[in-house]
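To keep things clear, I will list the structure first and then write my remarks on it.
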Ligand SMILES: Nc1ncnc2c1ncn2[C@@H]1O[C@H](COP(=O)(O)OP(=O)(O)OP(=O)(O)O)[C@@H](O)[C@H]1O
Ligand SMILES: [Mg+2]
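Residue numbers (this note's numbering), protein chains in the order written: chain B, -3 to 232; chain W, 46 to 461.
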């Protein structure tokens, strides 16, 4: 390869307003420039309400910027319709949220299978084997047939990570995945993300309020009042 | 389906079906209640429809076991008022003429013509007129029916209706009804003197006694051979009735009209002669249709309201699914399917309810002698129709909630 692969995420002048056209219109993100390279593990920090989740939702194609350009793997998404966004999201991006991540009607294994199943249309042995392998990687094989709701918070979050990795995404968006966990579980989930990042080369955006965890990332960006303030890149 | 019993996902079910079934299973109470509601509605419809068609079928069977589907009769004698040059009426009061036994013109060729038409089973010529039967001091007025047994018995199976003796007729034999037999105190082998209106006399031997299931008919109706009746009623070589049966009894009126058109002889179908009954049936059918419509409507509202609640309850999970790359179309189908499945499930349960009600009706609503009031036929199509209609109703009802689910903004849904 003569040229480097395009950045996994590239934002240029991205703005986001809510309640556009209404009296309570508010701009939450004020012109964000951001680049995330392939294989980068980046912490996102910032005070509550500064716009971290809003930023992640935009990058995850769950929401659209009000202005600015957003590319995923070199593809400019501003002109995409919902179908194309959904497709790109399903194939390239994995999500881990803070709460309520699993579908309660399904078991741990079935939750991990969900994205694969939705993509393939029908269950098959390959899908089941892949889900079982992912669940094994997060150390939950003994719990694979448990209904999701019966797992502990830490276990649920590990299932969510396994599920986010099911489609082998290039980008993992984790919005305070450890915010609700005790230190031990939080460490376990973080180590898991770190390992995935290092073994699969998955780029990770990791929102956290925990400076200790943030310091273990490749770099940190800080979001304050809807703007990225100069991050101090840390290299291991 | 392994889906409801074990954690294994069925390999034959597509993604949307799996999610829809799981969501329904998870919302046990809601699912059970709405299926119960749909079942009651469907059960009532199944029961009512079966009852109505049973009633109709029973009537039709009773009517048709004793008469032909179409009858051709010679034109009635009418008197027209005298007119002067077509306008002024001269003799305004017209007396109804006396009806004599008349023959159908050219009946042989007409019968042949009808036999060659499609969908015709039997054409049977007959002569009927009134006569007097004498025995000792007693006399009774009877209706003398001359028939060709081979043909007529294919229309009215007299052998099945015989109580005593046999239905075989020779030229000096006759068959009489049970009432007449007991009135006159006669039995098989006894001789009766019959006097026709024109004074012709004949002595006939009773060959058998029948029961037509109707007191009037058992008193008045008698059967002799066609030839005997022709000579007694002064109608040598002629017939006064052509009885016709057709393959599809409900096509009788259409065929009768065609016969009238092609032969010029007035043909009346059993449908025409039982018009009142069919008017009543069609009124019933209208009511039944209206009830079906309103039941379907309430089923639709019930299913829709359950799904609206379910969409709200599941909105966060819908958001998560969307974040995983599940498309709007897939979410839409998941909820449409739930509606269809609720309709189908309700219809299955309702068909069972209706079936049980019908069995109970058969055993509980009986005549004095313990036989069912009238036999109900279990029409599998009724059940198939109920299943299809209920599923479609469920699908339609699910449309608005499903659309709402598909249009949920995943960001808002996940934030909760
Ligand atoms: N759908 C919305 N409509 C209106 N305002 C919104 C919406 N979503 C977010 N906001 C506002 O945007 C701002 C940023 O919210 P966001 O959730 O991105 O913050 P955050 O940095 O993730 O905070 P936290 O650390 O508490 O999760 C907040 O003031 C919030 O009230
Ligand atoms: Mg947040």
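Backbone N, C-alpha and C fix where the C-beta goes; we use that ideal spot for every residue, glycine too.
Residue i (DSSP reduced to helix, strand or coil)
i: residue 243 of chain W; result: coil
i: residue 103 of chain W; result: helix
i: residue 109 of chain B; result: helix
i: residue 471 of chain W; result: This structure does not reach residue 471 of chain W, given that chain W is present from 46 up to 461, and the question cannot be answered.
i: residue 199 of chain W; result: coil
i: residue 445 of chain W; result: helix
i: residue 128 of chain B; result: helix
i: residue 164 of chain B; result: coil
i: residue 301 of chain W; result: helix
i: residue 408 of chain W; result: helix
i: residue 59 of chain B; result: coil
i: residue 166 of chain W; result: strand
i: residue 205 of chain W; result: helix
i: residue 288 of chain W; result: strand
i: residue 28 of chain B; result: strand
i: residue 177 of chain W; result: strand
i: residue 66 of chain W; result: helix
i: residue 71 of chain B; result: strand
Rounded straight-line distance, which links the Cα of residue j to that of residue i
i: residue 14 of chain B; j: residue 196 of chain B; result: 36 Å
i: residue 370 of chain W; j: residue 93 of chain B; result: 15 Å
i: residue 151 of chain W; j: residue 412 of chain W; result: 48 Å
i: residue 185 of chain B; j: residue 377 of chain W; result: 34 Å
i: residue 180 of chain B; j: residue 430 of chain W; result: 60 Å
i: residue 313 of chain W; j: residue 300 of chain W; result: 10 Å
i: residue 179 of chain W; j: residue 264 of chain W; result: 14 Å
i: residue 209 of chain W; j: residue 168 of chain W; result: 28 Å
i: residue 61 of chain B; j: residue 82 of chain B; result: 16 Å
i: residue 125 of chain B; j: residue 79 of chain B; result: 28 Å
i: residue 138 of chain B; j: residue 453 of chain W; result: 35 Å
i: residue 365 of chain W; j: residue 339 of chain W; result: 38 Å
i: residue 47 of chain B; j: residue 203 of chain B; result: 11 Å
i: residue 352 of chain W; j: residue 380 of chain W; result: 8 Å
i: residue 48 of chain W; j: residue 141 of chain B; result: Residue placement at residue 48 of chain W is flagged as unreliable, the pLDDT there being 38, under the threshold of 50; the coordinate-derived value follows with that caveat. Using only the alpha carbons, I get a separation of about 13 Å.
i: residue 64 of chain B; j: residue 347 of chain W; result: 46 Å
i: residue 46 of chain W; j: residue 171 of chain B; result: In this prediction, residue 46 of chain W scores a pLDDT of 36, lower than 50, which makes its location untrustworthy; no coordinate-derived value is stated.
i: residue 72 of chain W; j: residue 11 of chain B; result: 41 Å
i: residue 24 of chain B; j: residue 17 of chain B; result: 15 Å
i: residue 171 of chain W; j: residue 260 of chain W; result: 22 Å
CB of residue i within 8 Å of CB of residue j, strictly
i: residue 239 of chain W; j: residue 249 of chain W; result: yes
i: residue 37 of chain B; j: residue 214 of chain B; result: yes
i: residue 113 of chain W; j: residue 334 of chain W; result: no
i: residue 175 of chain W; j: residue 186 of chain W; result: yes
i: residue 109 of chain B; j: residue 127 of chain B; result: yes
i: residue 163 of chain B; j: residue 97 of chain B; result: no
i: residue 219 of chain B; j: residue 9 of chain B; result: no
i: residue 169 of chain B; j: residue 456 of chain W; result: no
i: residue 193 of chain B; j: residue 144 of chain B; result: no
i: residue 79 of chain W; j: residue 337 of chain W; result: no
i: residue 159 of chain W; j: residue 119 of chain W; result: no
i: residue 392 of chain W; j: residue 435 of chain W; result: yes
i: residue 95 of chain W; j: residue 432 of chain W; result: no
i: residue 3 of chain B; j: residue 54 of chain W; result: no
i: residue 287 of chain W; j: residue 146 of chain W; result: no
i: residue 90 of chain B; j: residue 165 of chain B; result: yes
i: residue 60 of chain W; j: residue 117 of chain B; result: yes
i: residue 255 of chain W; j: residue 203 of chain W; result: yes
Beta-bridge partners of residue i, as assigned by DSSP
i: residue 8 of chain B; result: B:65
i: residue 248 of chain W; result: W:238
i: residue 268 of chain W; result: W:190, W:220
i: residue 14 of chain B; result: B:22
i: residue 116 of chain W; result: W:288, W:313
i: residue 217 of chain B; result: B:40
i: residue 225 of chain W; result: Partner(s): none; residue 225 of chain W has no beta bridge.
i: residue 371 of chain W; result: Bridge partners of residue 371 of chain W: none, in fact.
i: residue 143 of chain B; result: B:103
i: residue 171 of chain W; result: W:192, W:286
Counting beta carbon pairs with one atom in the stretch 43 to 52 of chain B and one in the stretch 348 to 364 of chain W, are three or more of them shorter than 8 Å? With a cut-off of 8 Å, the stretch 43 to 52 of chain B and the stretch 348 to 364 of chain W do not count as touching, because too few Cβ pairs lie within range.
So, does the stretch 100 to 110 of chain B touch the stretch 391 to 408 of chain W, judging by three or more C-beta pairs under 8 Å? The stretch 100 to 110 of chain B makes no contact with the stretch 391 to 408 of chain W; the number of CB pairs closer than 8 Å stays below 3.
Quick check: the stretch 204 to 218 of chain W against the stretch 261 to 275 of chain W, are there 3 or more CB pairs under 8 Å? Counting Cβ pairs under 8 Å, three or more are found: they touch.
Stretch pair the stretch 380 to 388 of chain W + the stretch 445 to 455 of chain W: three plus CB contacts closer than 8 Å: Counting Cβ pairs under 8 Å, three or more are found: they touch.
Say whether the stretch 64 to 79 of chain B touches the stretch 146 to 164 of chain B, bearing in mind that this needs 3 or more beta-carbon pairs closer than 8 Å, one atom from each stretch. Judged by Cβ distances under 8 Å, the stretch 64 to 79 of chain B makes no contact with the stretch 146 to 164 of chain B, as fewer than three pairs qualify.
So, does the stretch 71 to 88 of chain W touch the stretch 304 to 311 of chain W, judging by three or more C-beta pairs under 8 Å? As far as the Cβ criterion goes, the stretch 71 to 88 of chain W does not touch the stretch 304 to 311 of chain W, which means the pair count is below three.
For the structure I just gave you, are there three or more beta carbon pairs, one from the stretch 312 to 329 of chain W and one from the stretch 101 to 113 of chain W, closer than 8 Å? With a cut-off of 8 Å on Cβ pairs, the stretch 312 to 329 of chain W is in contact with the stretch 101 to 113 of chain W, counting three or more such pairs.
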